[in-house]
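In this note's numbering, the protein residues as written are 6 to 659. Idealized CB from N, CA, C, for every residue including glycine.
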């Protein structure tokens, strides 16, 4: 890369001398020289040729001297480094020049070896300076872009949120309009929250976010914020506890950043916890405060833990998805923690292992006690808007289905739009209902949702009813789904073929809606009896049926995998799903539809049932704990007592 040098000196023969000394470097285009007789001419050249990389300037010149030139360079914020040349050895002038921004100095007569070394050193500095300047320019451009786009997005969002808020506050809306308006508001707020988080991350990255300390009761502030999340926890039947030993009183802290950190951690904790609860702890330490948010959720696998704070990391849509699908919130938590001068760590245990699943985020943050009379503004109460989950008992996260208390799901596959919409509307009063316009769409939806029952037409485009049944019964993930076949044909051949392929029932169009309801109810009753049978077979210690001889092929495969890894405390739902070539959600739905248990509950009950057999064989409680995959005998005893209402030792003695 060529270095362009401006030489400012009133000695006429110096130009010739430089061209001779640097002839080879000029020919190789390593250096290019431009010459000026005084400071004023140098400024004109700099204005006309902004690609100058380095200035070599004499101090003592007629017109504008070197010191004045240095002053003017500072005034115009020039990034071009200047090296002074002086024949006087006057340290006073040299110090003045250095104070005015000179990069280095050389004395006359010029030692050209020293000059070459100085030019090379200056060139390296120039390139570093340009890189830094370009980086800052890019950061500034990004900041301007985010600021502009944020403004452009916030305006239409305001025009969505405000009118919807007004409609919901009137209180006299028709009942059927309230749920969709709540959905609109919740998702609009979610978009706004994401925009704000991206903007905050950008400011942190550009080092433009200042600390804004306020004075207030920190333990009380955290308590108020936790209380805002209690309705969200209640909707999912989760406990939400807050504990602290931090003395009440005035503290200096950045309330806005604390609020954002806690909001994101609590949102994630509630989102990914379906059973149990969340505990927020605030404790005093020698250097400030320790903040922890612990949940009993699905956990994070070990190989993903190092990446949970990476910006935009989603971890295959597992736990580290934040309150959006972008992987932003935990990155923001880390950056805000660092900006506060703190540290953050995460520990996690995935569900399916012998130890309780869950995740804990621990932060160490500096805080300061204060008398409150330092002129610092007081802390305001938390004002963040908390939206409740979409439905009671159902987590919005893909990995936590929460379907246990919801009505059964029915999938209607019918190519006639009018009939399809009619059936959906009629059945929706009793069941959750999805619909598809042809067999192929129905097949895709069935794999994603795993409904309890599918009602399918026979004659449809793309994939007919018979083809759909064949696909459903050939896939272990869907072969348990009950199927009702509809047809406008009274041909006995169609009915027999459908039943042979695996349909559970058959109705001829036009059908009576009451008859369809009865047939659905009978199919669901049969499914529930089967669920109870499998559950009792697994739970009863005196069951005469060996677990591995269970009638359902899928459960046999699942039990076999658990049996083969019975003593492995790290056995997880994720691993089982991979072995069975299913998604985590599909495994959850399949196990739930067959047993009314979650995979975690099924693994735990299988371990306990095998523990009964081992205790009967004479193994001690401690030996049994390790043989069935519990990491500690104490935890095994706790789980055993909760399920069988007695300890392993007392069962063994009895």
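Spatial neighbours of residue i within its chain, please: C-beta separation below 6 Å, excluding the five flanking residues on both sides.
| i | result |
| --- | --- |
| residue 507 | 474 and 478 |
| residue 20 | 40 |
| residue 44 | 69, 73 and 74 |
| residue 197 | 162 |
| residue 552 | 564 |
| residue 690 | In the structure as shown, the chain begins at 6 and stops at 659. Residue 690 is therefore absent and cannot be evaluated. |
| residue 167 | none |
| residue 555 | 561 |
| residue 612 | 633 and 634 |
| residue 629 | 616, 619 and 620 |
Kindly indicate which three-state DSSP category residue i falls into: helix, strand or coil?
| i | result |
| --- | --- |
| residue 2 | The requested residue 2 is not part of the displayed model; the chain covers only 6 to 659. |
| residue 298 | strand |
| residue 478 | helix |
| residue 614 | helix |
| residue 601 | coil |
| residue 13 | strand |
| residue 39 | strand |
| residue 395 | Low per-residue confidence applies at residue 395: pLDDT is 45, beneath 50, and the placement is therefore not dependable, though the value from the model is reported in the following sentence. Of the three classes helix, strand and coil, the one that applies to residue 395 here is coil, per DSSP. |
| residue 629 | helix |
| residue 526 | helix |
| residue 593 | helix |
| residue 125 | helix |
| residue 439 | strand |
| residue 193 | helix |
| residue 326 | With a pLDDT of 36 at residue 326, under the threshold of 50, the modelled position of that residue is not reliable, and no figure is offered here. |
| residue 30 | helix |
| residue 545 | coil |
Rounded to a whole number of angstroms, what is the C-alpha to C-alpha distance between residue i and residue j?
| i | j | result |
| --- | --- | --- |
| residue 189 | residue 433 | 21 Å |
| residue 133 | residue 267 | 40 Å |
| residue 283 | residue 177 | 36 Å |
| residue 279 | residue 460 | 30 Å |
| residue 131 | residue 59 | 8 Å |
| residue 636 | residue 451 | 38 Å |
| residue 348 | residue 341 | 10 Å |
| residue 54 | residue 37 | 12 Å |
| residue 518 | residue 531 | 20 Å |
| residue 620 | residue 634 | 14 Å |
| residue 649 | residue 170 | 50 Å |
| residue 97 | residue 65 | 13 Å |
| residue 526 | residue 337 | 49 Å |
| residue 440 | residue 219 | 54 Å |
| residue 656 | residue 362 | 27 Å |
| residue 253 | residue 247 | 14 Å |
| residue 105 | residue 81 | 13 Å |
| residue 469 | residue 501 | 16 Å |
| residue 242 | residue 437 | 21 Å |
Measure the CB-CB distance between residue i and residue j and report whether it falls below 8 Å.
| i | j | result |
| --- | --- | --- |
| residue 90 | residue 49 | no |
| residue 222 | residue 273 | no |
| residue 582 | residue 528 | no |
| residue 238 | residue 230 | no |
| residue 364 | residue 302 | yes |
| residue 23 | residue 12 | yes |
| residue 259 | residue 289 | no |
| residue 281 | residue 353 | no |
| residue 562 | residue 585 | yes |
| residue 457 | residue 595 | no |
| residue 9 | residue 63 | no |
Spatial neighbours of residue i within its chain, please: C-beta separation below 7 Å, excluding the five flanking residues on both sides.
| i | result |
| --- | --- |
| residue 420 | 442, 443, 462, 465 and 466 |
| residue 119 | 111 |
| residue 509 | 487, 488, 489 and 528 |
| residue 521 | 512 |
| residue 601 | 536 and 540 |
Would you verify that the beta carbon of residue i is, or is not, closer than 8 Å to some beta carbon of chain D?
| i | result |
| --- | --- |
| residue 439 | Protein chain content of the structure displayed is limited to a single chain, and chain D is not contained in it. |
How close, in whole Å, do the beta carbons of residue i and residue j come, if the pair is a contact with beta carbons under 8 Å?
| i | j | result |
| --- | --- | --- |
| residue 578 | residue 592 | 7 Å |
| residue 384 | residue 351 | Actually they do not touch by this definition, with Cβ atoms about 27 Å apart. |
| residue 285 | residue 227 | 7 Å |
| residue 614 | residue 546 | 7 Å |
| residue 572 | residue 632 | 6 Å |
| residue 368 | residue 296 | 4 Å |
| residue 262 | residue 339 | So it is not a contact: roughly 12 Å between Cβ atoms. |
| residue 86 | residue 108 | 4 Å |
| residue 287 | residue 224 | 6 Å |
| residue 660 | residue 429 | Since the first residue shown for the chain is 6 and the last is 659, residue 660 is missing from the structure and cannot be characterised. |
Spatial neighbours of residue i within its chain, please: C-beta separation below 8 Å, excluding the five flanking residues on both sides.
| i | result |
| --- | --- |
| residue 599 | 485, 535, 536, 539, 557, 559 and 560 |
Any heavy atom of the ligand NAP closer than 7 Å to the beta-carbon of residue i?
| i | result |
| --- | --- |
| residue 16 | No copy of the ligand NAP occurs in the structure displayed, which carries no ligand at all. |
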